[in-house]
Every structure is written in structure tokens, then in C-alpha cells.
Amino acid sequence: MRASLLLSLLCLFELCWSQEVVRNYYEEDERTLNEEYFIIWKDTAVLHGPYKKHDLEGNVIVKGAYEGNLKTGLFTNYYPNGKIQRTTHYKKGLKEGATFVYNLNGEVIQEATFRQDTLTGQVRLYDEAGGVKGSSAFEDGKPQGMVTTYYTNGNKKEEINYEGGKPNGITRQFYNTGVIMLEAEYQDGLLNGIYKTFYPNARLEMEVFNDRGKLSGYIKKYYDTGQLASVGNYRNGLLEGAYLSYHPDGSIKAELNYDDGLLLGENTEYYPSGQVMKVSQFSNKGLTGVISEYHPNGTLAIEKFLKNQLPYGTWRYFSKKGILTKIEPFELGKHNGVIIKFKDSDTLSTQTYVNGIKSGQWHTFYENGNAKTWATYKFNNLEGVFTHFHENGKKSYTGNFYRGRRVGQWTYYSTKEKAILIETYKNGELISKEVLNHS
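Add 486 to a position in the sequence shown, counting from 1, and you land on the number used in the numbering used here.
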């Protein structure tokens, strides 16, 4: 017996002797402890014994223990103020038994049960008053049956029925007033059947049909007055055929035609007055289009062209009086050429682009026709001489840009074009200033 006792003491002494404490520190602050744990050596280091983790402020945020590299027993998470945030039990590294989550006041806000690291049974959420905010049942880690969540006033927020971990049957969402907000049918996790949304006044907002996750069949939208807003059809998730929309007073708003989700043929949109607002003509399976937009008085406002659904050609803009106000050239969806803006037939500005990149001369003008700015762009950056003019046509200031930054000497002038100030720049930064004349 004495020999057995001696052997036990020797084994205990050997275990204690071989156990080492390990401390890791944060990279952000090498003086602040991150983790502290114990290891024993069995051919390699094995976590065994108490475990602690700290935040950057030095507060303990996790406590637990390891046995043979596996979490064991109670693990507790803490808020920075030391109050418990979560308690979880482990057995051989797997979650086992009840887990509780607490708020800063120490009240339970969530509880769940695990079996071999898998959620099972009821998961419950609680509000600050202790009332159930939501609950769901789990089987083999998957939700099963009705999952219900609640607003803090006790009204239902959402109810979803699960089978095999997937939504099945009717799903409903509610406003916090108790009025239904959404109703949808699911089958094996996919929308299948009627899908409806509602306004806060309980009137129908939209209804559409789904077939195995794809929009299919009719779609109707309504104003909150109950007036029909639009009606159309889907096929394989894409709009197909005629699509009509209406103004709140019931007058026609748009007459559109779709083919595989793209506008095709002639499409017309209207102002509430009944005046045509836009006419678009699409061809080539909806890839090519000519669009004409109109002012409320019926005059042409914009003329657009599309190729492969991208801006193409020269777009023109007009005032309500039919006067040209802007020319905008496109190629393959990008500005290409000179954009010119007009006012009463006089040029206000010219902007040069090459394949969508600012390049070349850019000029602006006063309404009296005199030059306002002269600039040059290269690869989207101001480059070279830049000159700004007074409205009387005299220089206001001038200098040079290099890759979008002011460089060298910039000279400022009075309205009589007398130099009054010189600034010197280096890489866009002002390094000196000399006042020449204050008059």
C-alpha cells in the first residue's frame, strides 16, 4: 500500500512538473495579455488546464478549461465590465447541454440546448421584460416547425414554418401594429405560389406568382388607395408581354412590351395630363433602341440612342422652346468626342473625351460669348497651361498643371490685366506668394 501511495505521488509530481503556463500578447500592444493557458507535453504541446482570454483593456472576456486540447466543462464569456455575457458547457470539445446569453443587466435574452455540438429542442429569445421575443424548435441542428418572432410590444413580427430545415407552407411578416406586411408560400425553401405584400393600412400593395423560386404568371401592384398601379406577366423569372401602369387617378402611365425581360417594339409613357412623356422603339431582341423624351408642353426634350443596351451615337437635348442645349456623343457606352453645351444658340462649354477619358481641350464661356476658362486634359488630369478670364475678356489668372496638380508660377491679374499676385507651387502645394499690386 505504501508503494502504491508513493507511485501516485510520483505521478502527480511528474504531471505538475511537466505542465507549463503559456501567455500570448496582442500585436497592437505587446504589453497587454491576450490569452493565458496551460500545456502539457505528450510528444507535442497539448492544452490542458485553465484558460483565460483578455481584451485590449485587460478585462477577462473568456474563462474555461481544456483537457487534451479539447474544451471541457463550463466556458463563460464576459462583458468588459465583468458581467456574464454567455455560458456554454462542453464535453470533449463539443457543446453539450444548455447555453444562456445575458444582457448587461444580467437578464437572460437567449437560451438554447446542444447535444454533441448540435442544436436541439427549443431556442428562445427574450425581451428586456422577460417576455418571449421569438422561439423555434430544432432537430439535428435544423429548424423544425413554426418559428415565431415578436415585437417588444408583444405583437407578432414573423412566423415561418420549417420542415427539414427549410421554409415550407405559409410565411407571414407583420407591422408592429399587428397588420400583416407580407404573406408568401414556400416549398422546400423556394418561393412557390402566391406572394403578397401589404401597406400599413392593410391594403394590398403587390401580388405575384412564383413557380419553384422563379417569378411566373401575373404581377399586380396597387397604390395604398386600392387603385391598380400596374399589371404584367412573368415567364421564367422575366417580364413577358404587355405591361401596363397607371397614375393614381387611373389614367394610363405607361404601355410597355417585354420579351425575355427586355423592352421590345414601341413603348410609350405618359404624363398625368395624358401628354406623351417618352416614346422608345426597341429592336434586335431589345438591344438596340431609339428613345425620345418630351417636355410637358409636348416639345422634344432628349433624343437618345442605344446599341447593345449602351449609350451610342449623338444624344441631343432641347429646351422647352425647342432650342438645342447640349450635344453628347457616345461610343460603346462611353463619352467619345466633344460634348457641347449651348444657351440660346451660344456655346457655353466644350468638353473633349476619348473612350470615356477626359482628353484634349476643355473650354467654357460667359453668356456674353467671352472665354471663361481654357484647359487641357490628359488621361483625366489637367495638364499644361490653364487660363481663367474675367468676364470682360481679360486674363484673371494663369499657370500650369502637371498630372492634375498645380506646378510652377501662377499669375493673377486685375480686370485691366495687370499682374497683382504671383503664387509658386510644387506638386500641388503652395510654397510662396508675392503680392505685386493691390490696386
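From the three backbone atoms N, C-alpha and C, an ideal C-beta is built for every residue, glycine too. Please read all numbers here as calculations on a predicted model, not as lab measurements.
Local Cβ density within 10 Å of residue i, reported as buried at 16 or more and exposed below that
{"i": "residue 502", "result": "Residue placement at residue 502 is flagged as unreliable, the pLDDT there being 45, under the threshold of 50; the coordinate-derived value follows with that caveat. Exposed, because fewer than 16 other Cβ atoms sit within 10 Å of the Cβ of residue 502."}
{"i": "residue 527", "result": "exposed"}
{"i": "residue 737", "result": "exposed"}
{"i": "residue 775", "result": "buried"}
{"i": "residue 771", "result": "exposed"}
{"i": "residue 646", "result": "buried"}
{"i": "residue 569", "result": "exposed"}
{"i": "residue 885", "result": "buried"}
{"i": "residue 551", "result": "buried"}
{"i": "residue 618", "result": "exposed"}
{"i": "residue 557", "result": "buried"}
{"i": "residue 871", "result": "exposed"}
{"i": "residue 653", "result": "buried"}
{"i": "residue 696", "result": "buried"}
{"i": "residue 487", "result": "Confidence at residue 487 is low in this model, with a pLDDT of 41, below 50, so the placement of that residue should be treated as unreliable; the coordinate-derived value is given next. Exposed: under 16 other Cβ atoms inside 10 Å."}
{"i": "residue 769", "result": "exposed"}
C-alpha gap between residue i and residue j, whole angstroms
{"i": "residue 644", "j": "residue 681", "result": "15 Å"}
{"i": "residue 591", "j": "residue 621", "result": "22 Å"}
{"i": "residue 790", "j": "residue 746", "result": "23 Å"}
{"i": "residue 677", "j": "residue 577", "result": "40 Å"}
{"i": "residue 729", "j": "residue 589", "result": "52 Å"}
{"i": "residue 863", "j": "residue 916", "result": "22 Å"}
{"i": "residue 807", "j": "residue 785", "result": "7 Å"}
{"i": "residue 500", "j": "residue 536", "result": "Confidence in residue 500 is poor, its pLDDT being 44 and thus under 50, which makes the residue's placement unreliable; the coordinate value appears in the next sentence. The alpha-carbon atoms of residue 500 and residue 536 are separated by roughly 18 Å."}
{"i": "residue 541", "j": "residue 579", "result": "23 Å"}
{"i": "residue 812", "j": "residue 826", "result": "6 Å"}
{"i": "residue 800", "j": "residue 778", "result": "13 Å"}
{"i": "residue 511", "j": "residue 544", "result": "11 Å"}
{"i": "residue 810", "j": "residue 740", "result": "27 Å"}
{"i": "residue 877", "j": "residue 901", "result": "9 Å"}
{"i": "residue 842", "j": "residue 797", "result": "12 Å"}
{"i": "residue 907", "j": "residue 805", "result": "42 Å"}
{"i": "residue 820", "j": "residue 636", "result": "51 Å"}
{"i": "residue 934", "j": "residue 861", "result": "Any answer about residue 934 is impossible in this case: the structure gives the chain only from 487 up to 925."}
{"i": "residue 686", "j": "residue 663", "result": "8 Å"}
{"i": "residue 532", "j": "residue 555", "result": "5 Å"}
{"i": "residue 909", "j": "residue 892", "result": "10 Å"}
{"i": "residue 559", "j": "residue 670", "result": "44 Å"}
{"i": "residue 767", "j": "residue 853", "result": "37 Å"}
{"i": "residue 507", "j": "residue 523", "result": "6 Å"}
{"i": "residue 585", "j": "residue 704", "result": "47 Å"}
{"i": "residue 832", "j": "residue 822", "result": "22 Å"}
{"i": "residue 721", "j": "residue 665", "result": "31 Å"}
{"i": "residue 698", "j": "residue 673", "result": "7 Å"}
{"i": "residue 563", "j": "residue 581", "result": "14 Å"}
{"i": "residue 561", "j": "residue 515", "result": "26 Å"}
{"i": "residue 793", "j": "residue 764", "result": "18 Å"}
{"i": "residue 604", "j": "residue 529", "result": "32 Å"}
{"i": "residue 855", "j": "residue 759", "result": "39 Å"}
{"i": "residue 882", "j": "residue 895", "result": "14 Å"}
Cβ distance (whole Å) where residue i is taken to contact residue j below 8 Å
{"i": "residue 539", "j": "residue 521", "result": "5 Å"}
{"i": "residue 880", "j": "residue 903", "result": "4 Å"}
{"i": "residue 571", "j": "residue 534", "result": "The Cβ separation is near 26 Å, so there is no contact."}
{"i": "residue 707", "j": "residue 726", "result": "Not a contact, Cβ separation roughly 17 Å."}
{"i": "residue 689", "j": "residue 712", "result": "5 Å"}
{"i": "residue 857", "j": "residue 851", "result": "6 Å"}
{"i": "residue 757", "j": "residue 782", "result": "6 Å"}
{"i": "residue 616", "j": "residue 597", "result": "Rounded, the Cβ-Cβ distance is 12 Å, inconsistent with contact."}
{"i": "residue 461", "j": "residue 723", "result": "Beyond the ends of the chain as shown, which are 487 and 925, falls residue 461; an answer cannot be given."}
{"i": "residue 732", "j": "residue 748", "result": "Between residue 748 and residue 732 the Cβ distance is about 23 Å, and since that is not below 8 Å, they are no contact."}
From the options, residue whose alpha carbon lies closest to that of residue i
{"i": "residue 614", "options": "534, 648, 639 and 706", "result": "639"}
{"i": "residue 651", "options": "625, 672 and 667", "result": "625"}
{"i": "residue 437", "options": "780, 514, 774 and 863", "result": "The chain is shown only over 487 to 925; residue 437 falls outside these bounds and no answer can be derived."}
{"i": "residue 602", "options": "608, 611 and 627", "result": "627"}
{"i": "residue 890", "options": "844, 744, 655 and 857", "result": "844"}
{"i": "residue 655", "options": "630, 636, 635 and 663", "result": "630"}
{"i": "residue 818", "options": "795, 685 and 724", "result": "795"}
{"i": "residue 859", "options": "599, 853, 564 and 875", "result": "875"}
{"i": "residue 905", "options": "892, 912, 893 and 921", "result": "921"}
{"i": "residue 751", "options": "893, 743 and 667", "result": "743"}
{"i": "residue 657", "options": "633, 665 and 594", "result": "633"}
{"i": "residue 660", "options": "684, 648, 675 and 653", "result": "684"}
{"i": "residue 914", "options": "710, 606, 838 and 867", "result": "867"}
{"i": "residue 869", "options": "848, 604 and 829", "result": "848"}
{"i": "residue 787", "options": "793, 762, 769 and 773", "result": "762"}
{"i": "residue 518", "options": "792, 769, 546 and 716", "result": "546"}
{"i": "residue 815", "options": "838, 828 and 829", "result": "838"}
{"i": "residue 694", "options": "760, 668 and 675", "result": "668"}
{"i": "residue 611", "options": "509, 836, 600 and 595", "result": "595"}
{"i": "residue 573", "options": "587, 565 and 567", "result": "587"}
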